[in-house]
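So my numbering is basically just the index in the sequence shown, starting at one, shifted up by 576.
Following: one structure in structure tokens, then a few remarks.
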Amino acid sequence: MELTSSSYKTYLGKNREPGPSGSGDSDHFKTFLSAVRSGRREDLGADIEEGHLSSALCHLGNIAYRVRRTIQFDPSTEKIMSDEEACSLLTRDYQKPFVVPEQV
Numbered sequence: 577m578e579l580t581s582s583s584y585k586t587y588l589g590k591n592r593e594p595g596p597s598g599s600g601d602s603d604h605f606k607t608f609l610s611a612v613r614s615g616r617r618e619d620l621g622a623d624i625e626e627g628h629l630s631s632a633l634c635h636l637g638n639i640a641y642r643v644r645r646t647i648q649f650d651p652s653t654e655k656i657m658s659d660e661e662a663c664s665l666l667t668r669d670y671q672k673p674f675v676v677p678e679q680v
């Protein structure tokens with residue numbers, strides 16, 4: 577993925593075939609803070625799941641970089657397959673009472 581202050585491009589697979597891309601002048605941080613303050617989901621600039629999927633792509637790229645190899649990700653379970661070291665980087669150890677429940 578290539579990011580600039582106003583656009584993005586993605587490349588898919590080992591052959592780096594062009595994927596989704598786009599641009600915009602939106603102030604995402606301001607929009608997010610406004611939504612937090614209002615408590616209204618409708619004030620978000622995008623659906624929550626879209627934000628999750630977008631950030632997950634970046635996290636997976638960072639995990640692959642850290643373990644220095646290609647990782648295989650199952651999108652239906654949101655787990656890295658057959659790689660305990662990489663899978664351990666999907667979360668962290670939290671201190672009670674600030675924990676994320678097993679089932680959200």
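We put the CB at the ideal spot given by N, CA and C, even for glycine.
Being a predicted model, the structure only gives us computed values, none of them experimental.
Check: Grouping DSSP H, G and I as helix and E and B as strand, with all else coil, what is residue 658?; Outcome: coil
Check: List the residues that DSSP assigns as beta-bridge partners of residue 590.; Outcome: None, per the DSSP bridge assignment.
Check: Which residue comes first and which comes last in the alpha helix (DSSP H) that contains residue 670?; Outcome: Looking at the DSSP string, residue 670 is not in any alpha helix (DSSP H), and its letter there is neither H nor E.
Check: Could you tell me the distance, in whole angstroms, from the CA atom of residue 594 to the CA atom of residue 626?; Outcome: 20 Å
Check: Three or more beta-carbon pairs under 8 Å between the segment 617 to 636 and the segment 597 to 608, yes or no?; Outcome: yes
Check: Hey, how far is the Cα of residue 659 from the Cα of residue 647?; Outcome: 8 Å
Check: From the DSSP output, in three-state form, read off residue 581 for me.; Outcome: coil
Check: What does a CB cutoff of less than 7 Å around residue 655 pick up in its chain, not counting 5 residues either side in sequence?; Outcome: 663
Check: Just the Cα atoms here: how many angstroms apart are residue 581 and residue 598?; Outcome: 12 Å
Check: Is any non-hydrogen atom of the ligand MN found closer than 7 Å to the C-beta of residue 665, if you look at the structure I gave you?; Outcome: With respect to the ligand MN, the structure shown offers nothing to examine, as it has no ligands at all.
Check: Is residue 615 helix, strand or coil when you go by DSSP?; Outcome: coil
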